[in-house]
Structures are given as C-alpha cells and as structure tokens.
Amino acid sequence: MSSKSTPKRVQASGADAKSPDKLPGANGFKYRPQYGLIVACKDEAEQKRRYARLLRLGYAPKVVCV
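Here full-length UniProt numbering is used: position 55 in the sequence shown is 55, and no number is missing along the way.
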C-alpha cells in the first residue's frame, strides 16, 4: 500500500441526521460522532509492528489491550 486512503464522511439525511449545531446536553457535553477500527493481533510484538506501520502511513492509532 503506497498511497494513504482517507475515509470519507457521509452526511446522513432525514430525521436521523445529527446537526453539528445541536445544543449541548445537561452536562455540557456536545456529542460529535467518531468512527474507529479495531485490528486483532496475535501478540504484543505484532501489535507494536502494526502500530508503527500505521504511524508511518500517517494515521493516529490508539492502542487497546483487552
């Protein structure tokens, strides 16, 4: 993979669409949808390799251990 692919955001339409101008909730939090991806690795070494590669490709990966 020599070129970086950037995910495209699709605006929802109709009654389910979330307006970016929606007022914050009672606790002051303003919800902004985020999307993620989890890649299962066989061990910590593989996780480190994949993390390093994603960094080199320009992504901002988050490490999860469950």
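Using N, Cα and C, we set each Cβ at its ideal position, and we do this for glycine too.
Collapsed DSSP secondary structure at residue i in the structure displayed
i, result
"residue 54", "helix"
"residue 32", "coil"
"residue 62", "coil"
"residue 26", "coil"
"residue 40", "coil"
Own chain residues within Cβ distance below 7 Å of residue i, not counting five before or after
i, result
"residue 51", "61, 63"
"residue 48", "none"
"residue 41", "47, 50"
Option in the options with minimal Cα separation from residue i
i, options, result
"residue 46", "24, 23, 65, 25", "65"
Sequence-distant residues of the same chain with beta carbon closer than 6 Å to residue i, five excluded per side
i, result
"residue 59", "none"
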